[in-house]
C-alpha cells in the first residue's frame, strides 16, 4: 500500500544510508528493498534517488534529492456544493447515483461527502395529515398534561405513572422484503407467496404503563400489565387508560366497563387521544417498533410460533427501553407545542442512554414557561372561531381530555 509522500529529510536519510553501507558504488545487498518497506516507497523510486545522488557526488555537486513539488501536493480537493445541492429537487437526490448525476461527480465522491458529515441520509415517513381542528385539539391535549411544580417553581409534565396506553398492531409472519448476508457459493434463498396481501398476520392488543422504581433504583413495576394484578399497592388507583378513536373501542360510559373499572378500589377512566395523533401514544411512538425488531429476528413458520415470538419479544423488552419511550413522548409533546399542534417536527434526541448511565436522566421534562403562555394565547385567539364541543363531536372524539 502506498504511503504518504516522503519528506525531503527522509530522502536525504535514505541516500546517506545507502552511501554509508555501499561498497565500490554498489549498495548493500537487500538494503534498497529494506528501506523501501520501511518508508513505504517503491524500490524503483529509491533506485532513481540513488542513481541521481551518485551522479551528483561524481560531479562534485552537493546532494539534492529534494522533491520537485513545492507547496501543496496532489489533486485539489473537490468541495461539496452545499448551496447548489439545496436547489436540487428532492426526488432528484433520493439516491447517491441520482445526486452524483446532478452535481456531475462520481458516486465515490458523494459517498465521501456523506462519510465526512457534509451530507446526511434521511428517510421520510408519511405522517397523518392534520386539519386545523386536529392541531387545536393536540395543543389542548398536551397542555392538559402540564402542571406547576410548586417546589421547583417550574412547569413540568404530570406524573404519567397512573396512565396506561392501549393500541393494536398487526404482526406479520415474515417481511415482504428480507435482507440476508450470504457467502459467495451459498444458494440464494427462495420465498414465495401468491400475493403480499396473503402474508399471514395477527393483530395484537397491547397495553403498557410507565415503569416505576423504588428509592434505591430497583424496579417496582415494569409497566407491563395485567393491570389490577401487578399494579403497585403504593400507587394511586385512579388510573387513566388512553386509546385512539377507533370505532370498535369501548366507550367511557359502557356499563360493563364502568362496573369492572370501579371494582376492587380502582377508579379507571378512559381517555381518547386526539385524532390522527399516533405519536401521542407510546406504543405507536416506539414500543411497537422495538417489539417488532425483536420478533422479526426470530424465524417462525406457524401462527403459534408467531404468537410465541411476539409475546416473548414483549416480555423480553427491557424496562429501561419502555421508560425511555415515555420520556420521548414528553419531548414530542414539547415539539408539538412549538409547532402549534403540527406534526412536522424532527424527532428530538435526548441522549437518554448516556444520561441514564450518568444518573442525570430526569423523570419528567421541564417545559419552558414562555412556550406554555404562547400556546395558551394561541388557543384563546382561536377559541372565537373554534367551538371545542363542536370539534369533538365532528371528530367523534371523547369529550374527556
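Residue numbers (the numbering used here): 681 to 1081.
Just so it is clear, CB atoms sit at the ideal spot from N, CA and C, and this is done for glycine as well.
In chain order, what residues of the same chain lie with their CB nearer than 7 Å to the CB of residue i, ignoring the 5 residues before and after it?
i	result
residue 693	none
residue 873	879
residue 716	722, 723 and 726
residue 929	923
residue 1015	1025 and 1028
residue 828	835
Would the beta-carbon of residue i be found less than 7 Å away from any heavy atom of the ligand GDP?
i	result
residue 953	The model depicted lacks the ligand GDP and carries no ligand whatsoever.
Grab me the residues of residue i's own chain with a C-beta within less than 8 Å of its C-beta, minus the 5 sequence neighbours each way, in chain order.
i	result
residue 807	1023 and 1024
residue 780	786, 787, 789 and 790
residue 881	850, 851, 852 and 853
residue 659	The chain is shown from 681 up to 1081; residue 659 falls before or after that span and cannot be answered.
residue 997	967, 970, 971 and 974
residue 777	787
residue 707	698, 701 and 730
Within the same chain, show all residues whose beta-carbon is closer than 6 Å to that of residue i, passing over the 5 residues directly before and after it, in chain order.
i	result
residue 1046	834 and 836
residue 856	876
residue 1071	The predicted position of residue 1071 is uncertain, since its pLDDT is 47 and thus under 50; no value can be drawn from it.
residue 1044	836 and 837
residue 799	793
residue 695	729, 733 and 745
On a CA-only basis, which of the options is nearest residue i? Give me that one, please.
i	options	result
residue 1028	944, 1010 and 730	1010
residue 1002	790, 1043, 902 and 858	902
residue 822	737, 838 and 1031	838
residue 727	831, 698, 863 and 798	698
residue 818	1034, 957, 805 and 990	957
residue 953	984, 938, 942 and 920	920
residue 1019	810, 743, 1041 and 713	810
residue 1037	737, 1057, 1048 and 1000	1000
residue 783	763, 866 and 898	763
Short check: CB of residue i to CB of residue j, under 8 Å?
i	j	result
residue 949	residue 922	no
residue 745	residue 721	no
residue 845	residue 962	yes
residue 734	residue 705	yes
residue 964	residue 847	yes
residue 757	residue 1021	no
residue 915	residue 841	yes
residue 826	residue 1005	no
residue 978	residue 989	yes
residue 747	residue 689	no
residue 900	residue 892	yes
residue 1055	residue 1013	no
residue 1030	residue 1059	no
residue 946	residue 917	yes
residue 843	residue 889	yes
I need the boundaries of the beta strand (DSSP E) containing residue i, first residue and last residue.
i	result
residue 883	881 to 889
residue 843	843 to 852
In the DSSP assignment, what are the bridge partners of residue i?
i	result
residue 951	922
residue 866	None; residue 866 has no bridge partner.
residue 829	834
residue 1047	835
residue 901	892
residue 703	706
Considering just the uninterrupted stretch of the alpha helix (DSSP H) at residue i, what are its terminal residues?
i	result
residue 699	688 to 700
residue 809	Premise fails: residue 809 is in no alpha helix (DSSP H) and is neither H nor E.
residue 968	968 to 975
residue 984	983 to 996
residue 778	776 to 783
residue 787	787 to 795
residue 1035	1032 to 1038
residue 726	723 to 738
residue 1003	999 to 1018
Taking 8 Å as the threshold (beta carbon to beta carbon), is residue i in contact with chain B?
i	result
residue 938	The structure shown contains no chain B, having only a single protein chain.
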